[in-house]
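Here the structure is laid out as structure tokens; the discussion comes afterwards.
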């Protein structure tokens, strides 16, 4: 199976042409996909006529599948996440974020497929955390490399409970996933590129500095990653599949729709403890 990889921007994102996910991937094709993912961080795989089971099997080529700690899921396969939304401004995805950085080993790779879309709107945007780090001045880079930050499940979990998107209770999930520290700047386990590793969903405090200093630093970093020069935006079509590196990107679901939007989401288990 020969594929053609076409970059969308200089910083992030590429279209993959010629891929059929309803068929087993030859090793050569998978290796080409992995190399493209390492380079472009987000891959747009086009419209794929596949079942949830086939979507799961594709994702599993990148690592063991992991069930989201508190999100809603299909009955079969039971670790296939279900995003079913009509009120996106209330659901928390319209914030720049990585997924599940409250975990010691956050998910590595995610595969999302559009099942039902509104007539207009519902785009998703991704940003490269490697490009965001590399655009900082050397003095700021050096300062951030010595810092750690607290990541906490509470904020997104409360929103998920309030909107009916959580299958777990607040105290139960908080006990299972207490706050954890990660370096503010991490090195990608495969490419070795340095990455900014803070996000507005889960990062609550820069450690070792005053509360006011922490607020100022996080405010700066959360705003910094929003620059269009780090981003790529995607307009979904029914059946569209997107594959991305959760460790090296943040994403933002544009909340500009009021009709039902259904997506199937699967993630691979984290194989990497973020480290400087």
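In my numbering, the protein residues as written are 3 to 278. For every residue, glycine included, the Cβ atom is placed at its ideal position computed from N, Cα and C. Values in this document were obtained by computation on a predicted structure and should not be read as measured data.
By the criterion of a C-beta distance shorter than 6 Å, residue 232 is surrounded in its chain by 13, 129, 130, 133 and 134, once the five residues flanking it on both sides are discounted. Per DSSP, the unbroken beta strand (DSSP E) holding residue 265 starts and ends at 263-270.
Distance from residue 256 to residue 125 at the Cβ level is roughly 5 Å; contact confirmed, criterion being Cβ atoms closer than 8 Å. About 5 Å separates the CB atoms of residue 243 and residue 115; that is less than 8 Å, so the two are in contact. Rounded to whole angstroms, the Cβ separation of residue 83 and residue 74 is 7 Å, and the two are in contact under 8 Å.
Per DSSP, residue 73 lies in no alpha helix (DSSP H) segment and is marked neither H nor E.
For residue 196, the beta-bridge partners assigned by DSSP are 189. Less than 7 Å divides the Cβ of residue 196 from the Cβ of residue 189.
Around residue 170, the same chain offers 72 as residues with beta carbons nearer than 6 Å, after the five sequence neighbours per side are excluded. Secondary structure of residue 210 (DSSP, three-state): coil.
In the displayed model, residue 138 falls within coil according to three-state DSSP, outside both helix and strand. Shortest Cα-Cα distance from residue 223 to any of 240, 252 and 237 involves 252. Sequence-distant partners of residue 220 (beyond 5 residues in either direction) whose C-beta falls short of 7 Å from its own C-beta, in its chain, are 200, 205 and 208. As DSSP reads the structure, residue 7 sits in a beta bridge with 18. Taking a C-beta distance under 7 Å as the contact criterion, residue 187 and residue 215 do not qualify as a contact pair. In the structure shown, residue 52 adopts coil according to DSSP, grouped into three states. Short of 8 Å from the beta carbon of residue 34, and not among the five residues preceding or following it, lie these beta carbons of its own chain, in chain order: 5 and 7. Beta-bridge partners assigned by DSSP to residue 83: 75 and 267.
Per DSSP, the beta bridge partners of residue 247 are 111. CA-to-CA, the gap between residue 182 and residue 158 works out to about 15 Å. Counting along the chain, residue 153 sits inside the beta strand (DSSP E) bounded by residues 150-153. Around the beta-carbon of residue 218, fewer than 16 other beta-carbon atoms lie within 10 Å, marking it exposed. Take the alpha-carbon of residue 202 and the one of residue 50: they are about 32 Å apart. Rounded to whole angstroms, the Cβ separation of residue 245 and residue 227 is 21 Å, and the two are not in contact under 8 Å.
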